[in-house]
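Trainee: Heads up: the protein sequence lines correspond to chains A and B, in order.
Numbered according to this note's numbering, the first sequence spans residues 1 to 542.
Numbered according to this note's numbering, the second sequence spans residues 543 to 807.
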Amino acid sequence: MSTKDRGTKGDILLDMKDIVIDGFSDERWHEIIKGVDLTLKRGEVLGLIGESGAGKSTLGLAAMGFARPGCRLTSGEIVFDGMELRAMPEKQKQKLWGTRIAYVAQSAAAAFNPAHKLIDQTIESSIRNGAVSEKEAQADAIELYRAMQLPDPENIGFRFPHQVSGGQLQRAMTAMAMASRPDLIIFDEPTTALDVTTQVNVLAAMRDAVERFNTAAIYITHDLAVVAQMADRIKVLRYGVEMEEAETRKMLKTPENAYTKSLWSVRSIHKKPETSDDNILQIQGVDAAYGKGENVLHDVNISVPRGKTVAIVGESGSGKSTTARVVTGLLPPNKGKVLFNGEVLPAQLKDRSKDQLRRIQMIYQMADTAMNPRQTIGEIIGRPLEFYTGLKGRAQEAKVIELLQMIELDDSFLDRLPNELSGGQKQRVCIARALAANPEVIICDEVTSALDQIVQEGILQLLLKLQKDLDVSYIFITHDIATVQAISDEIVVMLEGEVVEQGLKTQIMEPPYPDYTKLLLSSVPEMDPDWLTNLLKERGEA
Amino acid sequence: MPAYQRYFGWVAGVLQGDFGYSFSGRAASGVDRSRAVVDLIGPRLNNTLFLASMTALIAVPLSLFLGITTALYRNSVYDRVVNAVTLTTIATPEFFVAYILILFLASLYQVFPSLANIDASMTMGEKIYKSALPSMTLTLVIVAHMMRMTRAAIINLLASPYIEMARLKGVTSTRVILYHALPNAWAPISTVIAFNLAYLVVGVVVVEVVFVYPGVGQLMVDAVRTRDIPVVQACALFFAGTYIMLNLIADIIGIITNPRLLHPR
């Protein structure tokens, strides 16, 4: 492995002063980053946190002297190891990128080129200047795969990206960044797209690699608990302005800025779990498969009490969304049945009556794609009203306004198009659309996972309030345990298409746990900076 | 005989290479001088395929080159000039392009002959020399389509996260286009190329007429005029076969250039 002299730990590697970055939108330039300073010493990890739109990624990329299309580095100084990057010509920057500064993207699945094998992409930067031969670079890449604890490190690189799982790709991407032993790595939300159980392994591998090669890193995320495991220092950004910066432990213990404090206290909803024997929906012994494939659901039994919330948790691929498709009739089960108010629901969507359809509504993860971009909010909410209740004209508009008020928006939204709304507002409109049918059960499929924590909080509060007012039941599909804590009465844990456990929140969340529930719960990052270290030690002993 | 029996009889003949006999030449005098359809079409087919391949050999590499370079230098002066010129040539009727070329390259400056009446006795060099103007005309007509598709397919991919990743790995912009974007763009590009090659075989009757080129297109138009049904049928079958084969090849290219289809999980 490389014996390149990387200076002594503690020297300043990156010094960014008074950075201003403009972005082009609505036909003019806006300031996205408004004069932020950032210094990073060799071997140090800086956590950069904030909501989406805070400018974290933009600032992280600026550390490489790179601006995305539609952005420009307007003013300020970016000094990397004595070189000024802002004024440096593109050709020279290309020599630094991938060799001395590397980048790890948010979604490894999208950031690997589907047309080439992993190992060819991993060694692309290191063999570029001809310092090492392809053979040597490949051997080194295999070592890195092994260091990243990828399964079958000798051969995994010779696969194409689509043949490898998301968590493995993310580790392979870290290996790719490490391949040329850079001085600085920018991690841009590298674990956001992963399940909690996978996230633990990826975090451990990344932290290990950074320590082993004494690499400096900027770790961008919106997840405080994750950044607490990775960073020596934390910087909080909001609307392109620095809110606060401090050592990780100090920041966690005594945040000073009011905004930072609000980030800390965000996970504060707690619902007292209740149950009832009056089940509105029962899923009994359901097996289901896509096409003629193997069953992806095996004997699933779930009961949903009236006016309560059942949260279905599990990793991706555990059958959560498939269960929802069976309930809605989109996927007729191979075996078993779904009871609604004690009556069997027809398995096929087309056999269900309008009233049966009305009673079960869905809210989706991506509010963007779940709405027709050419329809106004008034039309989007008005359509189910007309379809299910026959309301038209004035009466329909009055009802739409009433629904808008229920979701805490006003009638000025009637004529707006979806893309004029923020992410949280869009999700609220989707909720209103579901409510327009006056349903008894709403299936919420990962409704908050695309949103920032503060916005999530608002949506969850709204859902709780609506449940109290309208006595509607929720089936809440999520992989986020914190959301489950906040909103559920009962919890169903799923693994590989089977229900591992179902019960009141208080029962599930307390020991003794079945093995899988324990793994799932212990994988949820905590705000304690020693959490990951302790967890790995614990699992190592077990 | 009922129509379906005659039809199956014809299909059975085709499968054995027998396309029947042409109606023309069946004189009322009782002396039958009609010729086999195969003998009529055979040499014409050779000529058509010769012109099509010659044009393809020029047009396909040229449009790929133009498409890739315009994608690389997108929105530059070069990009705009190439786009404007190719759009002009595709927007001009092909017979007009042909007459302009004749005017400049055959009449005012006598570089190439204006008549492309090739026959089997000529050498390869003579054939190429005679076919220069028709093949230039066809090239001008089809380049725009293929070049714009290549450019659009590549530029479409440039917004992908893996292209940004490649740039952030310090990959030069030429390599980004050739190594990272192009391999993912072959499917749409090959579809358009197949479509244009099919056009070269089946749709060039106007150009054949202008240059008096003895191709299948002219033969079919003549046969339609004289209601020579066996010849029309044979031509139609050949044209349809060409379309299907070329599109099939394009689909196969789309599959073998996509690792997701070629290497299952």
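Glycine is no exception: its CB is placed at the ideal position from the N, C-alpha and C atoms.
Taking C-beta to C-beta, are Leu520 of chain A and Ala204 of chain A nearer than 7 Å?
Mentor: no
Trainee: Which residues does DSSP pair with Phe187 of chain A in a beta bridge?
Mentor: Answer is A:Val104, A:Tyr219, bridged to Phe187 of chain A.
Trainee: Since Asp351 of chain A is in the alpha helix (DSSP H), which residue starts that stretch and which ends it?
Mentor: Asp351 of chain A -> no alpha helix (DSSP H), and no H or E assigned at all.
Trainee: For Val296 of chain A, name the three-state secondary structure that DSSP assigns.
Mentor: strand
Trainee: By the DSSP assignment, the alpha helix (DSSP H) with Gln163 of chain A in it spans what residues?
Mentor: Careful: Gln163 of chain A lies outside any alpha helix (DSSP H) and carries neither H nor E.
Trainee: Here's the rule I'm using: 16 or more other beta-carbon atoms within 10 Å means buried, otherwise exposed. How should His270 of chain A be labelled?
Mentor: Per the 10 Å Cβ criterion, exposed.
Trainee: For Gln558 of chain B, name the three-state secondary structure that DSSP assigns.
Mentor: coil
Trainee: Tell me whether the beta-carbon of Ile487 of chain A lies closer than 7 Å to the beta-carbon of Asp445 of chain A.
Mentor: In this structure, Ile487 of chain A keeps its C-beta atom at 7 Å or more from the C-beta atom of Asp445 of chain A.
Trainee: Pull the bridge partners of Trp29 of chain A from the DSSP assignment, please.
Mentor: A:Phe24
Trainee: Below 8 Å, can you find three or more Cβ-Cβ pairs linking the segment 367 to 383 of chain A to the segment 422 to 430 of chain A?
Mentor: yes
Trainee: For Leu643 of chain B and Thr679 of chain B, which I take to be in contact (beta-carbon distance under 8 Å), what is that distance rounded to the nearest angstrom?
Mentor: 6 Å
Trainee: Which residues bound the alpha helix (DSSP H) around Asn534 of chain A?
Mentor: 531 to 541
Trainee: Hey, out of A:Ile360, A:Gly293, A:Ser303, whose CA is closest to Arg325 of chain A's CA?
Mentor: A:Ile360
Trainee: Asn334 of chain A CB to nearest chain B CB: under 7 Å?
Mentor: no
Trainee: Would you say Gly609 of chain B reaches chain A, if we count a Cβ-Cβ gap shorter than 7 Å as a contact?
Mentor: no
Trainee: With a threshold of 16 other CB atoms inside 10 Å of the CB of Leu557 of chain B, please say whether the residue is buried or exposed.
Mentor: exposed
Trainee: Mapping DSSP to helix, strand and coil, what is Ser57 of chain A?
Mentor: Three-state DSSP puts Ser57 of chain A in a helix.
Trainee: Spell out a yes or no on whether the segment 742 to 752 of chain B and the segment 593 to 602 of chain B are touching, meaning 3 or more CB-CB pairs, one atom from each, closer than 8 Å.
Mentor: yes
Trainee: Using 8 Å for Cβ pairs, my map puts Ala367 of chain A next to Gly423 of chain A. What's the rounded Cβ distance?
Mentor: 7 Å
Trainee: Whole angstroms are fine: how far does the CA of Ile49 of chain A sit from the CA of Gln453 of chain A?
Mentor: Computed Cα separation, rounded: 12 Å.
Trainee: What's the call for Ser353 of chain A, buried or exposed, on a 16-neighbour Cβ count within 10 Å?
Mentor: exposed
Trainee: At a Cβ threshold of 7 Å, is Gly98 of chain A touching chain B?
Mentor: yes
Trainee: Please list the terminal residues of the continuous beta strand (DSSP E) segment that includes Asn279 of chain A.
Mentor: 279 to 289
Trainee: Does chain A have any CB closer than 7 Å to the CB of Met691 of chain B?
Mentor: Contact with chain A is absent for Met691 of chain B, since none of that chain's Cβ atoms lies less than 7 Å from the residue's Cβ.
Trainee: Going by Cα to Cα distance, which pick from B:Thr716, B:Met707, B:Ala701, B:Thr733 is closest to His687 of chain B?
Mentor: B:Thr733
Trainee: Can you name the residues of chain A whose CB is closer than 8 Å to the CB of Asn617 of chain B?
Mentor: Those do not exist, as Asn617 of chain B stays about 12 Å from chain A at its closest Cβ, beyond 8 Å.
Trainee: With distances taken between CB atoms, is the gap from Ala729 of chain B to Asn789 of chain B smaller than 7 Å?
Mentor: no
Trainee: For Met1 of chain A and Asn214 of chain A, what's the separation of their Cα atoms in angstroms?
Mentor: For Met1 of chain A, the pLDDT reaches just 38, beneath the cut-off of 50, and the residue's location in the model is therefore unreliable, although a value from the coordinates is still provided. The straight-line gap from Cα to Cα measures roughly 13 Å.
Trainee: Quick check: what's the CA-CA separation for Gln461 of chain A versus Val524 of chain A?
Mentor: 22 Å
Trainee: Using alpha carbons as the reference points, say which of A:Ala175, A:Asn279, A:Val344 lies closest to Val556 of chain A.
Mentor: The structure shown does not extend to residue 556 of chain A, since chain A is modelled only from 1 through 542, so no value can be given for it.
Trainee: Would you say Asn419 of chain A lies against chain B (beta-carbon separation less than 7 Å)?
Mentor: no
Trainee: Output, in sequence order along the chain, the residues in the segment 359 to 376 of chain A whose CB is closer than 8 Å to any CB in chain B.
Mentor: none
Trainee: Could you tell me which uninterrupted beta strand (DSSP E) segments, each at least 3 residues in length, are contained entirely in the segment 291 to 341 of chain A, listed from first to last along the chain?
Mentor: 295 to 305, 309 to 313, 335 to 340
Trainee: Taking 7 Å as the CB-CB limit, is Tyr704 of chain B close to chain A?
Mentor: yes
Trainee: Go ahead and label Lys56 of chain A buried or exposed: buried means 16 or more other beta carbons lie within 10 angstroms of its beta carbon, across all protein chains shown.
Mentor: buried
Trainee: For the putative contact between Ala228 of chain A and Asp528 of chain A, defined by C-beta atoms under 8 Å, what is the C-beta separation to the nearest angstrom?
Mentor: 7 Å
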